[in-house]
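Engineer: Please read through the structure below; I'll follow up with questions.
Residue numbers (my numbering), protein chains in the order written: chain A, 1190 to 1627; chain B, 160 to 629.
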């Protein structure tokens, strides 16, 4: 989940400005919806003779429950392991034979299947994608083998990674009630004991057309593409609407502290504050504050911790991209032997400064400029455009809002940056996680 | 969570494999050479109001640093952005951030790269800042000490991540004292040996206009750009002394039998392994057939290697192989990881696949599929301004020609199964390889015995193991 969080954050990060001449506009995007609820966005872009074909499902670890943690990510894997029509592994073999490749990622709120292939492969890829939305076979033998792959992935990303292990502890400590409590990979004991019928029920409920958004960007004829989509997806039945996630994390009332002792060359340090989801009116102000504190070598925390105090080699983290309240994390890579208490004191000093004095006009303008310039990084490829459209659809209330995100940043009053710092950076309810080398 | 290893990344890292689909040309850039020898390549692209700028400094890479100053090239590169004649280190980062521009430096085996990106209206200022970094870096002593310490900390931190560290041990084991065996970051003992004057000397010797290739791709007006370049970089004088030769010393003889190293990482719950075997130099004629061969063997998701270890047996999250090539040398890397109790099984399977591929070769249908795959995956790899600028700089630095990818793809398209099988026999190792395992020695040592005599080094030991004499 570490990698995917970075991906989402990094790509959305720049969502700041309406592209000028030459870039695409809302008029270039066609929106359709099938009777079964499948939403389709088509954007023709012939800059390379390829197509990016992205399927987003509104499902992730947020929709799971104890015993089934990690199952959204497991289904992501099983989507490549056979349907009634094609055998295990056949999806990949056919796709690579067409000159295509694919990947997929699962986050807390969404799962996305991402295909890249030469234009000539559109008909076959549409058929194969529709086929696996219709149903996957979950062959018992394949189910068990893939369970092993996911366990290996967890060992790599969590048990065998100090950073991954500390992230998991931080999350589980800071979030008590909401499903963000567990990571996208899930707990090892759940991975080792998922039961096939429950996984199949989960699939039927969440991976239906009415819970999906299909985004196709690239070198194709939109009318013909729509016809293909209608033909292959049209008769896939809708499922009942998934139940809403009703658990709300109770208000943070306590400061919490995780101390992990492990063999390591250097310590690790993370400090997290509860912040709202993407739909909140404070969201964009917090994103600007993220820039001011953490982005770029001139950011306040980089300057203090890395340059002046020499306590760290890097400082990362910042605002999460999540539907529900999650964590603004200040993630420090300390130098060997650095005193975590000193790191904490410096961060608290800097946060107090923002809380009391606010940020300068130049810093505020700098944050706006950084957002604007970085916005275009996400639109540099057909895959980037498909991703941004899909993320805006899910996280920002509709794909059209991709084109107005710049206004949201610009309309944040300068003073609001200080207001949100006061509101959310409360030292008495933060969670601190430290790894000390043994 | 991500479903797969990024197989494409292995491919693009091998330079020759990144490019344009058959029949689809990389647009040639406009090419100019300033009087001081600096090469400028430009391509106007109005798709976005953004410009990407790359400067490749040929020969300022790790392989060209003195043997007893490991990490010097990386350190010198980093200091280029730590203040210039006109801007202090703080002012430089503040201004870049204020513009929303990025400028980063990276150093690889043979070259140092400056990569920048800005809004179109800020191009003049970004070029000025970049020119300052190249022509008049302060290389101040206090910044030198700060950055050297930071690099030293990073050497320690990287040892906590087996995925990142294994290639450093593997290259050291395979290449020994040869420059290609050096870790770019340096080591715990080599970094303290670097003095402030070493940095100044390395800069003077290797960062010079006749070794720089500047590539600019994006939304800009060519006429003012030319004037701006003359104003910022035109006055930079090359030193009187000729530029140092580019080229690496003769390679050590490849090992006859397995050379094995076990890096003991206590508490590791899984074991990473990497084989290193001889590859081919950049631009070598075998490259197209070799890439088709590798695509089938370990270069994509449905490759033999990933199918056997991941898809069929669930032993790992990913298993892959790929070539890395430099001037006059190259290697094949084969890597994966698995849980502690399965490392013996994973290594047996890997060696069996290598034997099978060498013995029986690949089927015609596999060749066809792999050729189509390489052709189909090409265009996205050079999409966008940053990728194009980097490709132009590389093609020029290695004198491969801007039609290199077109020619490469044409030869991929016509590679026969016989050629692909010949590449397998030539390049997939029988017994002449280095094998490095990073894992918990107590838990896996017994299983490794049958694969060779493993030297054991604790991961906490400074450096990335001493060279193996052979």
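Beta carbons: idealized from backbone N, C-alpha and C, even for Gly.
Name the chain B residues that come within less than 8 angstroms of residue 1344(A), Cβ to Cβ?
Structural biologist: Translated into the one-based positions of the first chain, residue 1344(A) becomes position 155. By Cβ distance, chain B contributes 428, 429 and 498.
Engineer: Go through its chain and collect everything with a Cβ distance to residue 1625(A)'s Cβ below 6 angstroms, but skip five positions before and after it.
Structural biologist: Numbered from 1 along the first chain, position 436 holds the residue referred to as residue 1625(A). Hits under 6 angstroms: 1450 and 1456.
Engineer: Helix, strand or coil, according to DSSP, for residue 1142(A) in the structure here?
Structural biologist: Outside the shown range of chain A, which is 1190 to 1627, sits residue 1142(A), and nothing can be said about it.
Engineer: State the start and end residues of the unbroken alpha helix (DSSP H) segment that holds residue 146(B).
Structural biologist: The requested residue 146(B) is not part of the displayed model; chain B covers only 160 to 629.
Engineer: So for residue 377(B), helix, strand or coil by DSSP?
Structural biologist: Taking the second chain and counting its residues from 1, one reaches residue 377(B) at position 218. Strand at residue 377(B).
Engineer: Please give the ranges of any beta strand (DSSP E) in the segment 463-541 of chain B, keeping only runs that are unbroken, at least 3 residues long and fully inside the region.
Structural biologist: Taking only runs of at least 3 residues, the beta strand (DSSP E) segments lying wholly in the segment 463-541 of chain B are 478-485 and 488-498.
Engineer: Do we get a CB-CB distance below 8 angstroms when we pair residue 214(B) with the residues of chain A?
Structural biologist: Here residue 214(B) refers to the residue found at position 55 of the second chain. By this cut-off, residue 214(B) is not an interface position.
Engineer: Look at residue 402(B) and residue 459(B) and say whether their C-beta atoms are less than 8 angstroms apart.
Structural biologist: One-based indexing of the second chain puts residue 402(B) at position 243. One-based indexing of the second chain puts residue 459(B) at position 300. No.
Engineer: Mark residue 321(B) as exposed unless 16 or more other C-beta atoms lie within 10 angstroms of its C-beta, in which case mark it buried.
Structural biologist: Here residue 321(B) refers to the residue found at position 162 when the second chain is read from its first residue. Buried, since its Cβ has 16 or more Cβ neighbours within 10 Å.
Engineer: Any idea if residue 180(B) is buried or exposed, counting beta-carbon neighbours within 10 angstroms, 16 or more meaning buried?
Structural biologist: Residue mapping note: residue 180(B) aligns to position 21 of the second chain, counting from 1. Note that residue 180(B) scores a pLDDT of 49, beneath 50, so its modelled location is shaky; the value from the coordinates is reported in the next line. Buried is the call here.
Engineer: Just to confirm, are residue 228(B) and residue 353(B) a CB contact at a threshold of 8 angstroms?
Structural biologist: For the purposes of this step, residue 228(B) is taken as residue 69 along the second chain, with counting starting at 1. For the purposes of this step, residue 353(B) is taken as residue 194 along the second chain, with counting starting at 1. Result yes, Cβ atoms of residue 228(B) and residue 353(B) sit closer than 8 angstroms.
Engineer: Taking residue 1350(A) as the query, report the chain B residues whose CB atoms sit under 9 angstroms from its CB, ordered along the chain.
Structural biologist: Along the first chain, one-based indexing puts residue 1350(A) at 161. The contacting residues are 319, 320, 321 and 322.
Engineer: Look up residue 294(B) in the DSSP assignment and give the residues it is bridged to.
Structural biologist: Here residue 294(B) refers to the residue found at position 135 when the second chain is read from its first residue. The partner list for residue 294(B) (beta bridge, DSSP) is empty, contrary to what the question assumes.
Engineer: Counting only C-beta atoms, is residue 459(B) closer than 8 angstroms to chain A at any point?
Structural biologist: Along the second chain, read from residue 1 onward, the residue named residue 459(B) stands at position 300. Yes, residue 459(B) counts as interfacial toward chain A.
Engineer: Please decide whether residue 1307(A) counts as near chain B, where near means a Cβ-Cβ distance under 8 angstroms.
Structural biologist: The sequence position of residue 1307(A) within the first chain is 118, counting from 1. With 8 angstroms as the cut-off, residue 1307(A) counts as an interface residue toward chain B.
Engineer: Once the 5 residues before and after residue 581(B) are set aside, which same chain residues still bring their CB inside 8 angstroms of it?
Structural biologist: In the second chain, residue 581(B) corresponds to position 422, counting from 1. 448.
Engineer: Kindly list, in the order they appear in chain B, the residues whose Cβ is closer than 8 angstroms to that of residue 1404(A).
Structural biologist: Residue numbering aside, residue 1404(A) sits at position 215 when the first chain is read from its first letter. Here the premise fails: no neighbours, minimum Cβ distance about 16 angstroms.
Engineer: Can you pull the chain A neighbours of residue 209(B), defined as C-beta to C-beta under 7 angstroms?
Structural biologist: Mapped onto the second chain, residue 209(B) falls at position 50. Result: 1565.
Engineer: With a threshold of 7 angstroms on Cβ separation, who are the neighbours of residue 497(B) within its own chain once the five nearest residues in sequence on each side are excluded?
Structural biologist: Translated into the one-based positions of the second chain, residue 497(B) becomes position 338. Excluding positions up to five away in sequence, the list reads 429, 430, 474, 475 and 505.
Engineer: Give the secondary structure of residue 618(B) by DSSP, where H, G and I count as helix, E and B as strand, and everything else as coil.
Structural biologist: Translated into the one-based positions of the second chain, residue 618(B) becomes position 459. Coil.
Engineer: Counting beta carbon pairs with one atom in the segment 209-223 of chain B and one in the segment 584-604 of chain B, are three or more of them shorter than 8 angstroms?
Structural biologist: Taking 8 angstroms as the limit for Cβ pairs, the verdict is that the segment 209-223 of chain B does not touch the segment 584-604 of chain B.
Engineer: Helix, strand or coil for residue 1493(A)? Go by DSSP, reduced to three states.
Structural biologist: If you number the first chain from 1, residue 1493(A) lands on position 304. Three-state DSSP puts residue 1493(A) in a helix.
Engineer: What residue from 1516(A), 1476(A) and 1527(A) has the CA that sits closest to residue 1602(A)'s CA?
Structural biologist: Residue 1602(A) sits at position 413 when you count from the first residue of the first chain. Nearest option by C-alpha distance: 1476(A).
Engineer: Can you tell which of 1433(A), 1535(A) and 1416(A) has the C-alpha that lies nearest to the C-alpha of residue 1148(A)?
Structural biologist: Given a span of 1190 to 1627 for chain A in the structure shown, any question on residue 1148(A) remains unanswerable.
Engineer: For the putative contact between residue 1244(A) and residue 1318(A), defined by C-beta atoms under 8 angstroms, what is the C-beta separation to the nearest angstrom?
Structural biologist: Reading the first chain from its first residue, position 55 is the one you call residue 1244(A). Reading the first chain from its first residue, position 129 is the one you call residue 1318(A). Residue 1244(A) to residue 1318(A), Cβ: 6 angstroms. Contact.
Engineer: Can you find a C-beta in chain A that's less than 8 angstroms from the C-beta of residue 611(B)?
Structural biologist: In the second chain, residue 611(B) corresponds to position 452, counting from 1. Not an interface residue.
Engineer: Does chain A have any CB closer than 8 angstroms to the CB of residue 371(B)?
Structural biologist: On the second chain, position 212 is the one that residue 371(B) refers to. Chain A, which has no Cβ nearer than 8 angstroms to the Cβ of residue 371(B), makes this no.
Engineer: What residues match up with residue 1300(A) in a beta bridge as DSSP calls it?
Structural biologist: Counted from its first residue, the first chain places residue 1300(A) at position 111. Answer is 1246(A) and 1295(A).
Engineer: For residue 569(B), decide whether its Cβ has a neighbour in chain A, counting only Cβ atoms nearer than 8 angstroms.
Structural biologist: On the second chain, residue 569(B) is found 410 positions in, with the first residue counted as 1. No, no contact with chain A.
Engineer: With DSSP as the reference, please indicate the residues paired to residue 265(B) in a beta bridge.
Structural biologist: As a first step, residue 265(B) must be located in the second chain, where it is residue number 106. DSSP lists 272(B) as partners of residue 265(B).
Engineer: Considering only the alpha carbon of each residue, which of 594(B), 509(B), 541(B) and 555(B) lies closest to residue 184(B)?
Structural biologist: As a position in the second chain, residue 184(B) is number 25, starting the count at 1. Considering only alpha carbons, the answer is 541(B).
Engineer: Tell me, which residues are paired with residue 1221(A) by DSSP?
Structural biologist: What you label residue 1221(A) is simply residue 32 of the first chain in a count that begins at 1. Residue 1221(A) pairs with 1229(A).
Engineer: DSSP three-state label for residue 1472(A), please.
Structural biologist: In the first chain, the residue the question calls residue 1472(A) occupies position 283. Residue 1472(A) falls in the helix class under three-state DSSP.
Engineer: Taking just the CA atoms, how far does residue 1471(A) sit from residue 1609(A)?
Structural biologist: Numbered from 1 along the first chain, position 420 holds the residue referred to as residue 1609(A). Numbered from 1 along the first chain, position 282 holds the residue referred to as residue 1471(A). Spanning the two alpha carbons is a distance of roughly 7 angstroms.
Engineer: Identify the contact partners of residue 252(B) in chain A, using a Cβ-Cβ distance below 7 angstroms as the criterion.
Structural biologist: Taking the second chain and counting its residues from 1, the one referred to as residue 252(B) is at position 93. Near residue 252(B) (Cβ distances below 7 angstroms), the residues of chain A are 1485, 1486 and 1487.
Engineer: Kindly indicate which three-state DSSP category residue 1210(A) falls into: helix, strand or coil?
Structural biologist: Numbered from its first residue, the first chain carries residue 1210(A) at position 21. Confidence at residue 1210(A) is low in this model, with a pLDDT of 37, below 50, so its placement is unreliable and no value can be given for it.
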